[in-house]
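S.K.: Got a structure for you, questions after.
Number of protein chains: 4
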Amino acid sequence: MSTATMLISCPDQRGLVAAVANFVFENGGNIVQSAQHTDHGEGVFFQRVEFETTGFQIPNSEISQAFAPIATRLNMDYSVRFPTDVARVAVLASKQGHCLYDLLFRFRMGELRAEVPLVASNHPDHEGAVGFLGHDYSYLPVVDGDKAAQEKTLLSLLEAKKIDLVVLARYMQVLSPAFVNAFPHRIINIHHSFLPAFVGARPYHQAFERGVKLVGVTAHYATADLDQGPIIDQDVVRVSHRDSIEDLIRKGRDLEKAVLARAVRAHLEHRVIVYGNKTVVFGV
Amino acid sequence: MSTATMLISCPDQRGLVAAVANFVFENGGNIVQSAQHTDHGEGVFFQRVEFETTGFQIPNSEISQAFAPIATRLNMDYSVRFPTDVARVAVLASKQGHCLYDLLFRFRMGELRAEVPLVASNHPDHEGAVGFLGHDYSYLPVVDGDKAAQEKTLLSLLEAKKIDLVVLARYMQVLSPAFVNAFPHRIINIHHSFLPAFVGARPYHQAFERGVKLVGVTAHYATADLDQGPIIDQDVVRVSHRDSIEDLIRKGRDLEKAVLARAVRAHLEHRVIVYGNKTVVFGV
Amino acid sequence: MSTATMLISCPDQRGLVAAVANFVFENGGNIVQSAQHTDHGEGVFFQRVEFETTGFQIPNSEISQAFAPIATRLNMDYSVRFPTDVARVAVLASKQGHCLYDLLFRFRMGELRAEVPLVASNHPDHEGAVGFLGHDYSYLPVVDGDKAAQEKTLLSLLEAKKIDLVVLARYMQVLSPAFVNAFPHRIINIHHSFLPAFVGARPYHQAFERGVKLVGVTAHYATADLDQGPIIDQDVVRVSHRDSIEDLIRKGRDLEKAVLARAVRAHLEHRVIVYGNKTVVFGV
Amino acid sequence: MSTATMLISCPDQRGLVAAVANFVFENGGNIVQSAQHTDHGEGVFFQRVEFETTGFQIPNSEISQAFAPIATRLNMDYSVRFPTDVARVAVLASKQGHCLYDLLFRFRMGELRAEVPLVASNHPDHEGAVGFLGHDYSYLPVVDGDKAAQEKTLLSLLEAKKIDLVVLARYMQVLSPAFVNAFPHRIINIHHSFLPAFVGARPYHQAFERGVKLVGVTAHYATADLDQGPIIDQDVVRVSHRDSIEDLIRKGRDLEKAVLARAVRAHLEHRVIVYGNKTVVFGV
Chain A
1 MSTATMLISC PDQRGLVAAV ANFVFENGGN IVQSAQHTDH GEGVFFQRVE FETTGFQIPN
61 SEISQAFAPI ATRLNMDYSV RFPTDVARVA VLASKQGHCL YDLLFRFRMG ELRAEVPLVA
121 SNHPDHEGAV GFLGHDYSYL PVVDGDKAAQ EKTLLSLLEA KKIDLVVLAR YMQVLSPAFV
181 NAFPHRIINI HHSFLPAFVG ARPYHQAFER GVKLVGVTAH YATADLDQGP IIDQDVVRVS
241 HRDSIEDLIR KGRDLEKAVL ARAVRAHLEH RVIVYGNKTV VFGV
Chain B
285 MSTATMLISC PDQRGLVAAV ANFVFENGGN IVQSAQHTDH GEGVFFQRVE FETTGFQIPN
345 SEISQAFAPI ATRLNMDYSV RFPTDVARVA VLASKQGHCL YDLLFRFRMG ELRAEVPLVA
405 SNHPDHEGAV GFLGHDYSYL PVVDGDKAAQ EKTLLSLLEA KKIDLVVLAR YMQVLSPAFV
465 NAFPHRIINI HHSFLPAFVG ARPYHQAFER GVKLVGVTAH YATADLDQGP IIDQDVVRVS
525 HRDSIEDLIR KGRDLEKAVL ARAVRAHLEH RVIVYGNKTV VFGV
Chain C
569 MSTATMLISC PDQRGLVAAV ANFVFENGGN IVQSAQHTDH GEGVFFQRVE FETTGFQIPN
629 SEISQAFAPI ATRLNMDYSV RFPTDVARVA VLASKQGHCL YDLLFRFRMG ELRAEVPLVA
689 SNHPDHEGAV GFLGHDYSYL PVVDGDKAAQ EKTLLSLLEA KKIDLVVLAR YMQVLSPAFV
749 NAFPHRIINI HHSFLPAFVG ARPYHQAFER GVKLVGVTAH YATADLDQGP IIDQDVVRVS
809 HRDSIEDLIR KGRDLEKAVL ARAVRAHLEH RVIVYGNKTV VFGV
Chain D
853 MSTATMLISC PDQRGLVAAV ANFVFENGGN IVQSAQHTDH GEGVFFQRVE FETTGFQIPN
913 SEISQAFAPI ATRLNMDYSV RFPTDVARVA VLASKQGHCL YDLLFRFRMG ELRAEVPLVA
973 SNHPDHEGAV GFLGHDYSYL PVVDGDKAAQ EKTLLSLLEA KKIDLVVLAR YMQVLSPAFV
1033 NAFPHRIINI HHSFLPAFVG ARPYHQAFER GVKLVGVTAH YATADLDQGP IIDQDVVRVS
1093 HRDSIEDLIR KGRDLEKAVL ARAVRAHLEH RVIVYGNKTV VFGV
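Protein chains in written order, with our numbering: chain A, 1 to 284; chain B, 285 to 568; chain C, 569 to 852; chain D, 853 to 1136.
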């Protein structure tokens, strides 16, 4: 089915749903899915609308422009995407490969739909396996402690490969604010705690010390403030006094894989709108 | 906030969302919440739309009629409800009172919004407590095994009290098809298994015998076929070899209370549409 | 079945299980349940053992003394309890009654086994209902801001009623360190967040502001450091952008009831050992 | 740490725990972990005990024989295993590879400890990837519908490779009773429903038709009766009216991987005892 997906946010006011629905209807489209949300506290309206473009009187390349007058009148931020807009994703990993391989397998089997022109890591370990799976692998070590140089190389690669989304699949290097700001709401990180509990390093160790009865993980957009970005998804698993730190780490790995994949999927399906430090995730 | 809530279902076709949105917008309303769903296999469209009626040009009492031409043209089933339409609920229980008291407490504190003019039971046990909580209690024993007579009395009471929704809060008497058909999609039952597993009597005992590692409960609309009606909500809890049948029953009680309350809440908030033997539950 | 339940903790060493098992066996007992745990990091051994006392050669009143030589030799902390040792519980609540009534209903139906000679509150609201349920209700307002005076009255009551366990069922008054220290590991609190996230006041509001996708609750022993005590149990429920603060509060209530009841049950069944700031909870 | 792990089951009677603990203690061992369970309905006692063998006075190869007199006296079934007993596992898959690759990755990273001398499939698809990962791959197509011949070849391979455990990682060929009986309680299958709901073919389709609000999966030992064997682990995930059959299948895949891995792990760690059609899974 040929469709267009619009994401809209604007100040709440009367007639928003009608304006969008009429634009679609009057041009011969059919709304396949629509979801909206109003944050009454902030007075902000959010909508995701997906409509069939077969028979639509405006060609895909002109839809955004054709909608502009409505958006201007209603003070809307909006974007339009088509199934032909396949995102280009870079996956960054460190020593641990569980999230990396999990994602690559999901891309390979078509569960996640994107191109992956780049896998990069500060460790050489995954070169063989990633190559076998058909992706370019860039081994980017931090040489002589010069993190800035490594990050610069990485940034060049991301630009050269025209990357739309960066996925931090347990990438253990802290990114500079400049780097993060170069990809606003386009870097997804998996943090191995139930944020805001246990920010920073070694969260499973912190959780073990505190004696919690559940451990969690959080997928969020990276921002300049470490572990403070808008949360996309979270989940937890039960632990007990019987579980050692190694058990927490092992149980956490399964969560990390699942939650990161759900967040990446939501992003790739244009189901996430960020506002302030929060997210609206449609279809959840 | 004064609002109207419409539930709509109809064959899928172009312009449905626009038709509803325009009806609201052109009469001066503001859509507060809207959710839609299309079952592409069945070709059926479902929508729940809630709009502010302050300033709406049509009085509440005439909205349904004013919408009728649109509904006729688009072959829609629809209903319109207002906050002033407070449902009248009857709660039926047997010996065990956990679901009954849980519901009454939720009504009392305003978490569930309805009037409860009747609590009925085939046991006398709850008379004091229910009376203390301010509800009428009808003790309806089955005399000489004459279930039909008991059911007839119950039916008269429900009619006399103008009951909109019957909640079977672990009511252990099987209802006749005639009784069930008198309240189509207006009887909610809590079955103490994860349907369709363990239909019929003593599901926790069945679950124990089978050695399952989770036990579940199911809230569903009662139909003439026992335990076969449209499912509104379900949930499960983990059990192990350590758990006796008594432990399963105890753990299940907490699920029964929570899941039944969620289902009743969804119904009272006009978030459920039944089609075939399934439900669309908006806001989940 | 007549049984004795022993809770043991001591430095880890050889022969601990054998020493306990032989004590039981040689005196004619039969171990019904036994669970042990070793914290290898700390080198501490924990055991809970329950044995039949029918036919046991030592009368209940002398078992503790008879075991003392073994405990001394192996440097054990231990306690012995019998089904006849019914705990005396005080439940403290404030304006909100959901945890209070939930607990009282569980005591009433025998799910939780204890006597409840005292319900106390800084609000008068629950007097009627608690009285109807057959418990004494002490309305203890804070007069002229004199919290110390109110706490002193409360402490006198707890002592007069010989209270073994204090349950803070959403009791919103901060307790002084002196009060808490008077009941070491004998005050259970329910905190309405997934600790250590959102310590302090209004955790649901904090959670809403942070945009989390799950909200949680924590049952823990109260210590002089607020919200820092040993955790007994935790749980979470999924929320989304659709949920208002009121929805978080509502969803949280169901968690609070369930998790507090599980923690109280574990304590009353002598399944909890506190060590450092952690708990071993046997049977989980 | 050098340890021995014993699994014991026998008729319940006095002195069982003491007999085992003394055997360990008197020969110079130290119990590291011990868990026991009594099925009071059936009168059966189960125990898993793990003890240090460093300094134990009986060499590993003679421990089983040395324990025999105790076992005979108390009518015990028992087994003794050592860390050096590394299980030999065969993984069987069909077209879908998600469970297969998930397991191989866990073996590779040491999360699951075993040798995997054989991966077999009725499809050729996984040959390259499995070879890359360093395992032998046997493509065993069913030729001319002769399932018996294919199964015979498979059985020969399993015997030649001295396989201890067969894992059906979404292997879609029905196994004959003779085959299953050749590996009693040594074949683990993952069924993609919450058994006993939706036995047989296409359970996700059945679940979709029934309109359930959760879908589940079940890991169990294969028995001659299809989908009826002893359950080792189960789990569920929430679905809604928005989820298509494809969504159920996708959500289910993550469950299948996690639950199958947990069950295989429990088996390899000697934490499972089967009795009747149930399991005791220690450490859960």
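C-beta: ideal position from N, C-alpha, C; glycine also.
Comparing alpha-carbon positions, which option in A/Val-280, A/Pro-203 and A/Lys-251 lies nearest A/His-98?
M.R.: Checking every option, the nearest Cα to that of A/His-98 belongs to A/Lys-251.
S.K.: At the level of alpha carbons, what is the spacing between B/Leu-532 and D/Phe-1134?
M.R.: Approximately 19 Å, taken between the alpha carbons.
S.K.: Within 8 Å, do at least three Cβ pairs link the segment 445 to 452 of chain B to the segment 376 to 395 of chain B?
M.R.: They touch, by the three-pair rule.
S.K.: Do you know offhand how far D/Asp-998's Cα is from D/Ala-1074's?
M.R.: Their backbone Cα atoms lie some 22 Å apart in a straight line.
S.K.: Tell me which residues share the same chain as B/Ile-515 and place their Cβ nearer than 7 Å to its Cβ, disregarding the 5 neighbours each side in the sequence.
M.R.: Closer than 7 Å at the Cβ level, and outside the excluded window around B/Ile-515, lie Leu-479, Thr-502, His-504 and Thr-563.
S.K.: Could you name the residues of chain C that A/Leu-214 contacts, counting a contact when the two beta carbons are closer than 8 Å?
M.R.: Chain C residues near A/Leu-214: Phe-762, Gly-784, Gln-802, Asp-803 and Val-804.
S.K.: For A/Phe-82, collect the residues of the same chain with a Cβ closer than 7 Å to its Cβ; drop the 5 residues on either side in sequence, then sort them by chain order.
M.R.: Ala-4 and Asn-60, listed in sequence order.
S.K.: Kindly give me the distance between the Cβ atoms of B/Val-333 and B/Ser-318, rounded to whole angstroms, as I take these residues to be in contact under 8 Å.
M.R.: The Cβ separation is near 5 Å, so the contact holds.
S.K.: With DSSP run on the structure shown, which of helix, strand or coil describes D/His-1119?
M.R.: Reduced to three states, the DSSP call for D/His-1119 is helix.
S.K.: Less than 7 Å between the C-beta atoms of C/Asn-590 and D/Ala-870, yes or no?
M.R.: Contact: yes.
S.K.: Please confirm whether B/Gly-312 and B/Phe-340 have their CB atoms less than 7 Å apart.
M.R.: Taking 7 Å as the Cβ cut-off, B/Gly-312 and B/Phe-340 qualify as a contacting pair.
S.K.: Taking C-beta to C-beta, are A/His-205 and C/His-605 nearer than 7 Å?
M.R.: No; because the gap between Cβ atoms is not below 7 Å, this pair is not in contact.
S.K.: Could you tell me which chain B residues have their CB closer than 9 Å to the CB of D/Asn-927, listed as they occur along the chain?
M.R.: Near D/Asn-927 there are no residues of chain B at all, since even the closest Cβ is about 21 Å away, more than 9 Å.
S.K.: Is it right to say A/Thr-72 is buried, meaning 16 or more other beta carbons lie within 10 angstroms of its own, or is it exposed?
M.R.: That one is exposed.
S.K.: State yes or no: is the beta carbon of B/Val-301 nearer than 7 Å to at least one beta carbon in chain A?
M.R.: Yes - at least one Cβ of chain A is within 7 Å of the one on B/Val-301.
S.K.: Can you find a C-beta in chain A that's less than 7 Å from the C-beta of B/Asn-314?
M.R.: Yes, B/Asn-314 lies at the interface with chain A (some Cβ there is under 7 Å from its Cβ).
S.K.: Where does C/Ala-716 land, buried or exposed, given buried means 16+ other C-beta within 10 angstroms?
M.R.: C/Ala-716 should be labelled exposed.
S.K.: Just grab the DSSP bridge partners of D/Ser-861 for me.
M.R.: DSSP lists D/Phe-898 and D/Asp-929 as partners of D/Ser-861.
S.K.: Answer with yes or no whether the minimum CB distance from A/Asp-239 to chain C is below 7 Å.
M.R.: For the sequence presented, residue 239 of chain A should be read as Val rather than Asp. Output row for A/Val-239: interface = no.
S.K.: For B/Lys-497 and B/Ser-286, what's the separation of their Cα atoms in angstroms?
M.R.: Roughly 47 Å separates the two Cα atoms.
S.K.: Under a Cβ-count criterion, where at least 16 other Cβ atoms within 10 Å of its own Cβ denotes burial, should C/Tyr-739 be classed as buried or exposed?
M.R.: Looking at its Cβ environment, which holds 16 or more other Cβ atoms inside 10 Å, C/Tyr-739 is buried.
S.K.: Relative to chain A, which residues along the segment 601 to 621 of chain C have a C-beta separation below 9 Å, given in chain order?
M.R.: Listed by position along the chain: His-605, Asp-607, His-608, Gly-609 and Phe-614.
S.K.: Which two residues bound the contiguous alpha helix (DSSP H) that contains B/His-489?
M.R.: Element bounds for B/His-489: 487 to 494.
S.K.: My output table needs one value for A/His-192: the three-state DSSP class, helix, strand or coil.
M.R.: A/His-192: coil per DSSP, three-state reduction.
S.K.: Quick check: what's the CA-CA separation for D/Gln-1086 versus D/Pro-1029?
M.R.: Approximately 24 Å, taken between the alpha carbons.
S.K.: For C/Ile-799 and chain A, any beta-carbon pair shorter than 7 Å?
M.R.: Judged by the 7 Å Cβ criterion, C/Ile-799 is in contact with chain A.
S.K.: Unbroken beta strand (DSSP E) runs of length 3 or more, entirely within the segment 110 to 134 of chain A: which are they?
M.R.: For the segment 110 to 134 of chain A, whole beta strand (DSSP E) runs of length 3 or above, ordered along the chain, are 115 to 121.
S.K.: Given that B/Glu-395 touches chain C, what residues does it touch there, using C-beta distances under 7 Å?
M.R.: Residues of chain C passing the Cβ test: Arg-818.
S.K.: For a test of the three-state rule: what should DSSP assign to A/Gly-29, helix, strand or coil?
M.R.: Coil.
S.K.: Go ahead and pull the three-state DSSP assignment for C/Thr-847.
M.R.: Of the three classes helix, strand and coil, the one that applies to C/Thr-847 here is strand, per DSSP.
S.K.: Using 8 Å for Cβ pairs, my map puts D/Ser-966 next to D/Ser-990. What's the rounded Cβ distance?
M.R.: Correcting the residue type first, residue 966 of chain D is Ala in the shown sequence and not Ser. No, D/Ala-966 and D/Ser-990 are not in contact; Cβ-Cβ is about 18 Å, not under 8 Å.
S.K.: Near D/Gln-1002, which residues of its chain fall below 8 Å by C-beta distance, leaving aside the five closest residues on each side in sequence?
M.R.: For D/Gln-1002, where only same-chain residues beyond five positions count, the Cβ hits under 8 Å are Asn-974, Leu-992, Pro-993, Val-994, Val-995 and Gln-1025.
S.K.: Using DSSP bridges, identify the partner residues of B/Asp-517.
M.R.: Partner(s): B/Ala-503.
S.K.: Could you give the first and the last residue of the continuous alpha helix (DSSP H) run that contains D/Val-1032?
M.R.: 1029 to 1034 is the span of the alpha helix (DSSP H), which, as asked, contains D/Val-1032.
S.K.: Could you tell me the distance, in whole angstroms, from the CA atom of C/Gly-784 to the CA atom of C/Leu-823?
M.R.: Using only the alpha carbons, I get a separation of about 7 Å.
S.K.: What residues of chain B sit near A/Arg-108, judged by a beta carbon separation below 8 Å?
M.R.: Per Cβ cutoff of 8 Å: no residues; A/Arg-108 is ~27 Å from chain B at best.
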